[in-house]
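Position 96 (the sequence shown) corresponds to 96 in the UniProt record's numbering; numbering is contiguous. Note that beta-carbon positions come from the ideal geometry of N, C-alpha and C, so glycine has one too. Owing to the predicted nature of the structure, the values given are computational and were not obtained by experimental measurement. Worksheet for the structure shown next.
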Amino acid sequence: MFARTDQFYYDSKTRCQIKERLPGGGGINVARNLKRFGLAVTAVFPAGGHHGELLRQLLQDGSLDYLHIPIKQETTQNIVLSETASGQNLHLVFPGAELSETEWQTCKHAIMSLSPQPSMLVISGSLPVGVPPQFTEELVASCQAAGIKVILDTSGPALLRALGPGVLAAKLNREDFEALGYRGEKDPASRIKVLQSVCEQRQLEHLVLTLGPDGALLASRSGELLHARPPVVDVVSHAGAGDAFVSVMTWKLFEQRPVREAFVYGVAAAAAAISTPGNQLEDLQWLEEVYNGVTVMELG
1 MFARTDQFYY DSKTRCQIKE RLPGGGGINV ARNLKRFGLA VTAVFPAGGH
51 HGELLRQLLQ DGSLDYLHIP IKQETTQNIV LSETASGQNL HLVFPGAELS
101 ETEWQTCKHA IMSLSPQPSM LVISGSLPVG VPPQFTEELV ASCQAAGIKV
151 ILDTSGPALL RALGPGVLAA KLNREDFEAL GYRGEKDPAS RIKVLQSVCE
201 QRQLEHLVLT LGPDGALLAS RSGELLHARP PVVDVVSHAG AGDAFVSVMT
251 WKLFEQRPVR EAFVYGVAAA AAAISTPGNQ LEDLQWLEEV YNGVTVMELG
């Protein structure tokens, strides 16, 4: 839910108005963007309770194909609250619903039973409570066996365990990068060597480290070692920025564009997303303008 208030008040009532309700969550944001780009896409997700029903209705209104797995617990509603006086945003994120073993096993079975079989799978968002970290690792292995290319954008142990030969591309944030054990210098050249080493040791194709306003790093087994920085943009909302990155990089890789192009477009997409309201990448012309302003440095 997106809401606004004239001013935040602490220890007092802050009166707000609802701006709009949008379907969200990492995978759903990615699916909505990919549909906007013209790809045939199906979102697979667990949903329960009143908010789960609202989520399904919003997706139906947007004509997005989806497969939902019913769960007992209530789907979470998060809030982005904007303060008119300062232009600042609060992104209030609540714990997601807990899934039983039967529910998360049903999710995995549903993904692997999709017909027709997808050529790519984007695994996006944090694992729900109750889902073991090996879920992602096992899902990646199943996809590899079936010939499905995987784009990985999760976090914590679920991400680190799944980094391997079944992954076409994975996106790390700085916390995930440090969880790999790196305690060295923070300059791009030092970090890119670690990313390159992880790609080689774990046999994944492309690994991205996002750096906020400093853009992102890319290491590929093919030899690409890049640092891309976006142009300065006005910040409107950070909601969906990382999902925009993954969406556009997935889109370009699906179209078999060079990974350099896909990566730079991803950096541009994140910058374009934070400069526009909502959680979806709507203005593709603006994306092109931002893309043309991205600075790319070779680190190899």
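From isoleucine 28 to alanine 43, what does the alpha carbon distance come to, in whole angstroms?
Near 6 Å, if we compare the C-alpha coordinates of alanine 43 and isoleucine 28.
By the three-class DSSP mapping on this structure, what secondary structure does alanine 179 have?
It is helical.
Cβ neighbour criterion (16 or more within 10 Å) applied to leucine 18
The sequence shown places isoleucine at residue 18, not leucine. Isoleucine 18 is exposed by the Cβ-count criterion.
Selected residue, minimal CA-CA separation from proline 133, among Pro23, Leu211, Thr154:
With distances taken between Cα atoms, proline 133 lies closest to Thr154.
Just the C-alpha distance for valine 122 and serine 12, rounded to the nearest angstrom, thanks.
Each residue's alpha carbon lies about 42 Å from the other.
Below 7 Å CB to CB, which residues in the same chain sit around cysteine 199 once its five sequence neighbours on both sides are set aside?
Taken in chain order, the residues that qualify are Leu207, Ala219, Ser220, Arg221.
Close-in-space but distant-in-sequence residues of the same chain around glutamate 98 (CB under 7 Å, 5 per side omitted):
Correct list, in chain order: Gln73, Pro128, Val129, Gly130.
For tyrosine 66, the three-state DSSP class (helix, strand or coil)
Tyrosine 66 sits in a strand when the DSSP states are folded into three classes.
I need the boundaries of the beta strand (DSSP E) containing glutamine 17, first residue and last residue.
Segment 17 to 20, the beta strand (DSSP E) holding glutamine 17.
Are valine 294 and alanine 269 close, meaning C-beta to C-beta below 7 Å?
For the pair valine 294 and alanine 269, the CB atoms are not nearer than the 7 Å cut-off.
Of the residues Phe45, His50, Thr75, Ala85, the one placed nearest tyrosine 66, counting alpha carbons only:
Comparing Cα positions, the closest option is Phe45.
Note down the Cα distance separating leucine 284 from proline 213, rounded to an integer number of angstroms.
Leucine 284 and proline 213: Cα-Cα distance of roughly 21 Å.
Give me, in chain order, the residues of the same chain whose beta-carbon lies closer than 7 Å to that of leucine 64; leave out the 5 immediate sequence neighbours on both sides.
Once the five neighbours on either side are set aside, the close Cβ partners of leucine 64 are Ala31, Arg32, Lys35, Ala43.
Are proline 230 and glycine 240 closer than 7 Å when you measure CB to CB?
The criterion of a C-beta distance shorter than 7 Å is not satisfied by proline 230 and glycine 240.
Which residues bound the alpha helix (DSSP H) around valine 194?
Under the DSSP assignment, valine 194 falls in the alpha helix (DSSP H) whose first and last residues are 188 to 202.
DSSP on proline 133, reduced to helix/strand/coil?
The answer is coil: DSSP assigns proline 133 none of H, G, I, E or B.
Look at leucine 250 and isoleucine 151 and say whether their C-beta atoms are less than 7 Å apart.
Per the sequence shown, residue 250 should be read as threonine rather than leucine. The answer is yes: Cβ separation under 7 Å.
To the nearest angstrom, how far is the alpha carbon of leucine 168 from that of proline 23?
In this structure, the straight-line span from the alpha carbon of leucine 168 to that of proline 23 is close to 27 Å.
Cβ neighbours of leucine 253 in the same chain (closer than 6 Å, five flanking residues each side left out)
For leucine 253, where only same-chain residues beyond five positions count, the Cβ hits under 6 Å are Ala262.
Using the rule of at least 16 other Cβ atoms within 10 Å of the residue's Cβ for burial, across every protein chain shown, is residue 350 buried or exposed?
Nothing about residue 350 can be reported from this structure: the residues present for the chain run from 1 to 300 only.
Do the CB positions of valine 259 and glutamate 224 come within less than 7 Å of each other?
Taking 7 Å as the Cβ cut-off, valine 259 and glutamate 224 qualify as a contacting pair.
So, is glycine 52 buried or exposed, given that buried needs 16 or more other C-beta atoms within 10 angstroms?
A buried status is given to glycine 52, since no fewer than 16 other beta-carbon atoms sit within 10 Å of its beta-carbon.
Can you tell me the Cα-Cα spacing of alanine 141 and serine 119, whole angstroms?
Distance between the alpha carbons of alanine 141 and serine 119 is about 15 Å.
Of the residues Val264, Pro95, Ile79, Glu255, the one placed nearest phenylalanine 37, counting alpha carbons only
Among Val264, Pro95, Ile79, Glu255, the Cα nearest to that of phenylalanine 37 is on Glu255.
How would you label alanine 170, buried or exposed, when you count the other beta carbons within 10 angstroms and need 16 or more for buried?
The C-beta of alanine 170 has 16 or more other C-beta atoms within 10 Å across all chains shown, which makes the residue buried.
Contact under 7 Å by Cβ, glycine 278 with glycine 125
The answer is no: Cβ separation not under 7 Å.
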